[in-house]
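Trainee:
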Amino acid sequence: MLQGDVGLELGRRVAESLRSALGVRITPEQALIRPSSAGRGADYQCNAAMSLARTVGKTPREVAEALLAGLDAADLVEQAEIAGPGFVNFRLRDDWLGAQATRLLADERVGVPLAERPGRYAVDYGSPNVAKEMHVGHLRSSIIGDAIVRLLEFGGHEVIRRNHLGDWGTPFGMLIEHLVDEGWTTVEADHSIGDLNSFYRAARAKYDADGDFAERARRRVVSLQGGDEPTLALWRELVAESTRHFEQVYAALGVTLARGDNYGESFYNPFLADTVTELADRGLTETSDGAVCVFPPGFANRDGERLPLIVRKGDGGYGYAATDLAGVRYWTRERDVTDLVYVVGAPQKLHFEMVFAAAEQAGWLDGDHRAVHVEFGSILGEDGKIFRTRAGDTIKLADLLREAVDRAAEVVAERTDLDERQRGQVAEAVGIGAVKYADLANDRDKDYVFSWTKMLALEGNTAVYLQYANARILSVLRRAGEQPAEGAPIVLTAQAERALVLKLLQLPGAVASAVADFAPHKLCTYLYETATAFSGFYQQCPILKADTEDSRRSRLALARLTSTVLTLGLSLLGIQAPQRM
RNA sequence: GCCCCCGUAGCUCAGCGGAAAGAGCGAAGGACUUCUAAUCCUUUGGUCGCAGGUUCGAGUCCUGCCGGGGGCACCA
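Letter by letter, the first sequence follows residues 1 to 581 of the UniProt record's numbering.
(1) Three-state secondary structure (DSSP) at F87?
(2) At which residue ranges does the region 161-200 contain complete beta strand (DSSP E) runs of 3 or more residues, listed in the order of the chain?
(3) Going by C-alpha distance, which of T275, N442, A358 and R219 is nearest P296?
(4) So, using beta-carbon positions, are Q467 and A577 closer together than 8 Å?
(5) Which partner residues does L250 have in the DSSP bridge list?
(6) Take the Cβ of E428 as the centre, count every other Cβ of all protein chains shown within 10 Å, and call the residue buried at 16 or more, exposed below.
(7) Taking 8 Å as the threshold (C-beta atoms), are I33 and L10 in contact?
(8) Answer yes if the region 118-135 comes into contact with the region 332-351, meaning at least three C-beta pairs across the two stretches below 8 Å, and no otherwise.
(9) Nearest-angstrom Cα distance between T102 and L505?
(10) For the alpha helix (DSSP H) containing A457, list its first residue and its last residue.
(11) Going by beta-carbon coordinates alone, are V276 and A322 separated by less than 8 Å?
(12) Using the three-state DSSP reduction, which class does R34 fall into: helix, strand or coil?
(13) Report the rounded CA-to-CA distance for T462 versus M455, giving the unit in angstroms.
(14) Just list the residues that DSSP pairs T285 with in beta bridges.
(15) Relative to the C-alpha of A371, which residue among A346, Q348 and V341 is closest?
(16) Going by the beta-carbon positions, is the gap between residue 592 and L224 smaller than 8 Å?
(17) Would you list the one or two residues that DSSP bridges to D124?
(18) For G155, which residues from the same chain have a beta carbon less than 6 Å from its beta carbon, with the 5 sequence-adjacent residues on both sides left out?
(19) On the DSSP letters alone, give me the boundaries of the alpha helix (DSSP H) that H351 sits inside.
(20) Sort Q45, T493 and K436 by Cα distance to L572 and report the nearest one.
(21) Between which residues of its own chain and N262 is the CB-CB distance below 7 Å, once the five residues before and five after are set aside?
(22) So what does DSSP say about R333, is it helix, strand or coil?
(23) Relative to the C-alpha of D146, which candidate in S192, G509 and P520 has its C-alpha closest?
(24) To the nearest angstrom, report how far apart L284 and V292 are at their CA atoms.
(25) In the DSSP assignment, find the beta strand (DSSP E) that holds R312 and state where it starts and stops.
(26) Comparing alpha-carbon positions, which option in S451, Y200 and D447 lies nearest E133?
(27) Ordered along the chain, which non-local residues of its own chain (more than five positions away) have a Cβ less than 7 Å from that of A494?
(28) Touching or not, the region 306-326 and the region 126-143, by the rule of three or more beta carbon pairs under 8 Å?
(29) Give me the residue from W364, G137 and F267 with the minimum Cα distance to P347.
(30) How many Å lie between G260 and G23 at the Cα?
(31) Can you look up E375 in the DSSP assignment and give me helix, strand or coil?
(32) D439 and L139 look like a contact to me (Cβ under 8 Å); what is the Cβ gap, rounded to whole Å?
(33) Quick one: Cα of A559 to Cα of L477, how far?
(34) Out of curiosity, what's the CA-to-CA distance linking C524 and L570?
(35) Taking all protein chains shown into account, do 16 or more other C-beta atoms lie within 10 angstroms of the C-beta of E420, making it buried, or fewer, making it exposed?
(36) Under 8 Å between the Cβ atoms of P113 and P508?
In structure tokens, the structure reads:
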């Protein structure tokens, strides 16, 4: 979808022409304006004549000829000609392109429009478990979710971050008893657990080995669920301690989740009974094998029987179907969100389809309250299997991020004359950026292979490449000793300048499609193409030593604009753009 | 058994119903007294898993196969 950029403007002109010349009414999008593939001598092409030919009873070429005859676009089109079966190729005027680029230089949003109808989004992402260390399995949801949140906010939407913590359930009985054994009281706060995983394992081991402990743990679960205040106080301490750990990881990763975004399983606890009651009141529930179930239409199990969503288990407890339904009910009804977004792995697809179907039956989801599962594939090791340590253990996120920065530091040390402190900052930006970009640059539906070598490669579609291109630009601007003035005219003389400007003007379309499809990789692809276009320009067009003063100022402005686009794009992905490298 | 996702160059991946399918890596060659060579430029490389169908036009949409992965009742 091309929106808010050159393609849309051309589409408007073409639609207007077709209306006046042939009486055909189409939208600018339906004009099917696309960037022309390179080497054909055209910038954009219109593909509409072929499909319109039948409806107007003319040949495609006749439609194209009528389109050209009625076209009022001399201010932006240098040359338009019919080619092949009925393509219309446009070459845009250099002065018009330059003027558009000049205009963008003064535009904070670099041409990207705000949403026409801003929504209120609740985005579920992150979702670590309390009393466990974050591991590589939390990486994709955190990174993709955060990019989506940033993109939506930039689009002018209201966004509520929802970190769906695993903070409730039977394991908390043993965890809290273990806390008590460790001497925690709530009077003296400021506890810390050095290693959450060891803590969990120790509790588990005692539970399995010690019958008395197990019995205490079971009683503790009852106290917790019964709302016993001393128990709840200990539980809150445990959540707080875990949250501190999550925040450290989020800080290292550059993810914007904060403790105020915690909406864990426990949050929905008070709503579960009412949710089930409401489903029952609407006649949607049945009791099956002792469990209260909703059978949304269209789902069958392996024996062809209807597939249940168990909203209350046989033992009276509630499972995740109940929690998620209560969540939909809460966010649509109590918080009046327009859009629920779940950034959760692909294996959960069936679950969410069923939850959404049931929520629709219950009336919580409708045309004004939508829900979407933004699913993603797995991270694989270079052996093609699920990414783990060589020993087969899950990889701690903290360790992975430390390794990323260490590896980046080695690369940085080889090539820079920055001082040690600056080197550290660059290593962080490069290392973390590499991990995030590698995740975001691929179509999220697919599995991707985690490769240090590839993600830290200096060439190709990597974060470092983009960061380096930007750092070079900023270096030139520093040397210039001046910032290009707002409105500094951008004048196109060389082919490479033209190619760069055409790319820069396509930012709005790239952002729009990334948002529309919850597909950050579309923005990545665009940024990479932009950085490539800049590298070509940088190679061929001297900036500081341009032939004329006008050209020098124009090229400085172009460099400035490129840096703005790259920096903005990276920030929408949650990736830093260092000033120097 | 049913459902979902994926299959594009040797490898890792883009590709919006439109023209001779695009990058990077790899391989071969070239460009630094130069604004950051962490770069750039050549060359090399494709039965778009297979078979039908829809269409003026299919890598893209539909159906059926094949291959890989995932899911399918009381864990979340």
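Beta carbons are placed, not taken as given, at the ideal position from N, Cα and C, and that holds for glycine.
Since the structure is predicted, the reported quantities are computational estimates derived from the model, not experimental observations.
Mentor: To lay it out plainly:
(1) One-based indexing of the first sequence puts residue 87 at position 87. Three-state DSSP puts F87 in a strand.
(2) none
(3) For the purposes of this step, residue 296 is taken as the residue at position 296 of the first sequence. It is A358.
(4) Along the first sequence, read from residue 1 onward, the residue named residue 467 stands at position 467. Along the first sequence, read from residue 1 onward, the residue named residue 577 stands at position 577. For Q467 and A577, yes; Cβs fall inside 8 Å.
(5) Taking the first residue of the first sequence as position 1, residue 250 is located at position 250. Sequence inspection shows Tyr at residue 250; the Leu mentioned does not correspond to that position. Looking at the DSSP assignment, Y250 forms no beta bridge with any residue, so it has no partner.
(6) As a working mapping, residue 428 is identified with position 428 in the first sequence. Answer is buried; the Cβ neighbour count reaches 16.
(7) Looking up residue 10 in the first sequence gives position 10. Looking up residue 33 in the first sequence gives position 33. In this structure, I33 lies closer than 8 Å to L10 by Cβ.
(8) yes
(9) Here residue 102 is taken as the residue at index 102 of the first sequence, counted from 1. Here residue 505 is taken as the residue at index 505 of the first sequence, counted from 1. In a straight line, the C-alpha of T102 is about 11 Å away from that of L505.
(10) Locating residue 457 in the first sequence gives position 457, where the first residue counts as 1. Neither: A457 is in no alpha helix (DSSP H) and is coded neither H nor E.
(11) Indexing the first sequence from 1 puts residue 276 at position 276. Indexing the first sequence from 1 puts residue 322 at position 322. Their beta carbons are under 8 Å apart, which means V276 touches A322 by this criterion.
(12) Here residue 34 refers to the residue found at position 34 of the first sequence. Strand.
(13) For this step, residue 462 is matched to residue 462 along the first sequence. For this step, residue 455 is matched to residue 455 along the first sequence. Answer to the nearest angstrom: the Cα atoms are 6 Å apart.
(14) Stepping through the first sequence from its first residue, residue 285 is reached at position 285. Beta-bridge pairing links T285 to V294.
(15) The sequence position of residue 371 within the first sequence is 371, counting from 1. Checking every option, the nearest Cα to that of A371 belongs to V341.
(16) For residue 592 there is no data in the structure shown, the boundaries of the chain being 1 and 581.
(17) Sequence index remark: in the first sequence, residue 124 carries index 124 (1-based). Answer is R162 and Y342, bridged to D124.
(18) Taking the first residue of the first sequence as 1, we reach residue 155 at position 155. Taken in chain order, the residues that qualify are A115 and V515.
(19) In the first sequence, residue 351 corresponds to position 351, counting from 1. Run containing H351: K349 to Q361, per the alpha helix (DSSP H) assignment.
(20) Start at 1 with the first residue of the first sequence, and residue 572 comes out as number 572. Out of Q45, T493 and K436, K436 has the C-alpha closest to the C-alpha of L572.
(21) Working through the first sequence from its first residue, we reach residue 262 at position 262. Correct list, in chain order: N163, L165 and T243.
(22) Start at 1 with the first residue of the first sequence, and residue 333 comes out as number 333. It is helical.
(23) Residue 146 sits at position 146 when you count from the first residue of the first sequence. Selected option, being the one with the closest Cα: P520.
(24) Sequence index remark: in the first sequence, residue 284 carries index 284 (1-based). Sequence index remark: in the first sequence, residue 292 carries index 292 (1-based). Distance between the alpha carbons of L284 and V292: 10 Å.
(25) In the first sequence, residue 312 corresponds to position 312, counting from 1. Counting along the chain, the beta strand (DSSP E) containing R312 begins and ends at L309 to R312.
(26) Here residue 133 corresponds to residue number 133 of the first sequence, with the count starting at 1. Closest option to E133, Cα to Cα, is Y200.
(27) As a position in the first sequence, residue 494 is number 494, starting the count at 1. For A494, where only same-chain residues beyond five positions count, the Cβ hits under 7 Å are Q540 and C541.
(28) no
(29) To locate residue 347, count along the first sequence from 1; it is residue 347. Closest by alpha carbon: G137.
(30) As a position in the first sequence, residue 260 is number 260, starting the count at 1. As a position in the first sequence, residue 23 is number 23, starting the count at 1. If you take the alpha carbons of G260 and G23, they lie about 56 Å apart.
(31) For this step, residue 375 is matched to residue 375 along the first sequence. E375: coil per DSSP, three-state reduction.
(32) One-based indexing of the first sequence puts residue 439 at position 439. One-based indexing of the first sequence puts residue 139 at position 139. Rounded, the Cβ-Cβ distance is 7 Å, consistent with contact.
(33) Mapped onto the first sequence, residue 559 falls at position 559. Mapped onto the first sequence, residue 477 falls at position 477. Each residue's alpha carbon lies about 8 Å from the other.
(34) On the first sequence, position 524 is the one that residue 524 refers to. On the first sequence, position 570 is the one that residue 570 refers to. Distance between the alpha carbons of C524 and L570: 8 Å.
(35) Looking up residue 420 in the first sequence gives position 420. Answer is exposed; the Cβ neighbour count stays below 16.
(36) Residue numbering aside, residue 113 sits at position 113 when the first sequence is read from its first letter. Residue numbering aside, residue 508 sits at position 508 when the first sequence is read from its first letter. In this structure, P508 lies closer than 8 Å to P113 by Cβ.
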